[in-house]
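Student: Chains as they are written, first to last, in the numbering used here: chain A, 814 to 943; chain B, 9 to 144.
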Amino acid sequence: MSEIKHIRTPLARVRGRGAARSGTEHFWHQRLTAVANIPLTIAAVFILISLLGRNQAAVAQILGSPLVAIIMLLFIVSITAHMRLGMAVIIEDYVHDESSKLTLLMANTFFTITVGLACVYGILKLSFGL
Amino acid sequence: MAETKAPAARPLSPHLQIYRPMLTMMMSIAHRITGFGLYFGTLLLAWWLIAAGSGPSAYAKIEWFAGSIIGRLILFGYTWALIHHMLGGIRHLIWDAGRGFGPNEREWLAAANLIGSITLTIVLWIVGLLAMGGPR
Chain A
814 MSEIKHIRTP
824 LARVRGRGAA
834 RSGTEHFWHQ
844 RLTAVANIPL
854 TIAAVFILIS
864 LLGRNQAAVA
874 QILGSPLVAI
884 IMLLFIVSIT
894 AHMRLGMAVI
904 IEDYVHDESS
914 KLTLLMANTF
924 FTITVGLACV
934 YGILKLSFGL
Chain B
9 MAETKAPAAR
19 PLSPHLQIYR
29 PMLTMMMSIA
39 HRITGFGLYF
49 GTLLLAWWLI
59 AAGSGPSAYA
69 KIEWFAGSII
79 GRLILFGYTW
89 ALIHHMLGGI
99 RHLIWDAGRG
109 FGPNEREWLA
119 AANLIGSITL
129 TIVLWIVGLL
139 AMGGPR
């Protein structure tokens, strides 16, 4: 055995994250979803405008059609993932009490997943006509 | 464990109130506030999508809300927040690419962010109201 120069495992050294435990995932996922949000938001706004003034049956039929439903599903997954990251930054910036911060960060995850799944449920119900 | 002492009264670094308001600062704050608003606005999106799948009476309720004065104001604000946050996001992506940091560029970008979001919101609402068969 060669002499031990440091006590970190080889895997930890390769990951190179030190004591921070995590790397640039937050920043990267924020940008990844931000880029995805641009075309998806434009598409969703056009879909919404094209549905204005139509009755429920027509809206249900158009929203449940494959292309529109898939665009809306992508839109919802991307925006809810993006807003979870964004709200986490706001909480970390302004809430300094450790227990309040952890509670709010948990509530943030619960809210974004709940509202995201509610939207997904709405679209899938339209698509499959349950 | 010993009782923790009250923190010493150290000088604090200057915060918002000491700076002259600047457009770039205002647009940075607006980016965060619009993001915060859009977060809760997704509840309306969920309501709309579920109502559309629940039948005519459920859909009539959200149509009534969207057509009311309060509803219109909320939706107009939501449209502006969405467009403003998207354009602000594009501004951030330009910065991520290492561009747009010059003294003139950043002022120009901040102004374009604001003017662009207001203009696009008004255009979208004119198109939307026309799609609904004119203002009512």
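Idealized CB from N, CA, C, for every residue including glycine.
Which value, in whole angstroms, describes the spacing of the CA atoms of A/Ile892 and A/Leu937?
Tutor: 18 angstroms
Student: For B/Pro19, would you say it is in contact with chain A, using Cβ-to-Cβ distances shorter than 9 angstroms as the test?
Tutor: no
Student: Does DSSP put A/Thr837 in a helix, in a strand, or in coil?
Tutor: coil
Student: Excluding five sequence neighbours on each side, which residues of the same chain lie with their C-beta closer than 8 angstroms to the C-beta of A/Ile884?
Tutor: Leu853, Ala856, Ala857, Ile860
Student: Out of B/Thr32, B/Pro19, B/Ala68, point me to the one whose CA is closest to B/His100's CA.
Tutor: B/Thr32
Student: Can you give me the Cβ contacts of B/Lys69 inside the same chain, cut-off strictly under 8 angstroms, excluding the 5 residues immediately before and after it?
Tutor: Ala59
Student: Could you tell me which chain B residues have their CB closer than 8 angstroms to the CB of A/Ala847, listed as they occur along the chain?
Tutor: Gly97, His100, Leu101
Student: Checking contacts by CB at 9 angstroms: is B/Pro15 closer than that to chain A?
Tutor: no
Student: Show which residues of chain B have a CB atom less than 7 angstroms away from the CB atom of A/Leu853.
Tutor: In chain order: nothing, as chain B lies at least about 10 angstroms away.
Student: What are the residues of the region 25–55 of chain B that lie near chain A, defined by any Cβ-Cβ distance shorter than 8 angstroms?
Tutor: Arg40, Gly43, Phe44, Leu46, Tyr47, Thr50, Leu51, Leu53, Ala54
Student: Can you give the Cα-Cα distance for B/Gly96 and A/Arg897, rounded to whole angstroms?
Tutor: 18 angstroms
Student: Can you tell me the Cα-Cα spacing of A/Ile862 and A/Ile875, whole angstroms?
Tutor: Going by C-alpha positions, A/Ile862 is about 12 angstroms away from A/Ile875.
Student: Thinking C-beta only, is A/Val933 closer than 9 angstroms to A/Val890?
Tutor: yes
Student: For a test of the three-state rule: what should DSSP assign to A/Asp910, helix, strand or coil?
Tutor: Three-state DSSP puts A/Asp910 in coil, outside helix and strand.
Student: Could you pull out every residue in the same chain whose Cβ sits closer than 6 angstroms to the Cβ of A/Leu939, ignoring the five residues on either side in sequence?
Tutor: Ala873, Leu876, Gly877
Student: Does the CB of B/Gly22 have a neighbour CB from chain A at under 9 angstroms?
Tutor: Residue identity differs from the one stated: residue 22 of chain B is Pro in this sequence, not Gly. No, because no Cβ of chain A sits closer than 9 angstroms to the Cβ of B/Pro22.
Student: How many angstroms separate the CA atom of A/Leu886 from the CA atom of B/Ala105?
Tutor: 29 angstroms
Student: Checking contacts by CB at 9 angstroms: is A/Ala870 closer than that to chain B?
Tutor: At least one chain B Cβ lies under 9 angstroms of A/Ala870.
Student: Quick one: is B/Leu138 buried, meaning 16 or more other Cβ sit within 10 Å of its Cβ, or exposed?
Tutor: exposed
Student: Let me confirm a value: A/Gln843 is counted as buried when at least 16 other C-beta atoms fall within 10 Å, else exposed. Which label applies?
Tutor: buried
Student: In angstroms with no decimal places, state the Cα-to-Cα distance between B/Ile130 and A/Lys914.
Tutor: 38 angstroms
Student: Show which residues of chain A have a CB atom less than 8 angstroms away from the CB atom of B/Ala139.
Tutor: Ile862, Ser863, Leu865, Gly866
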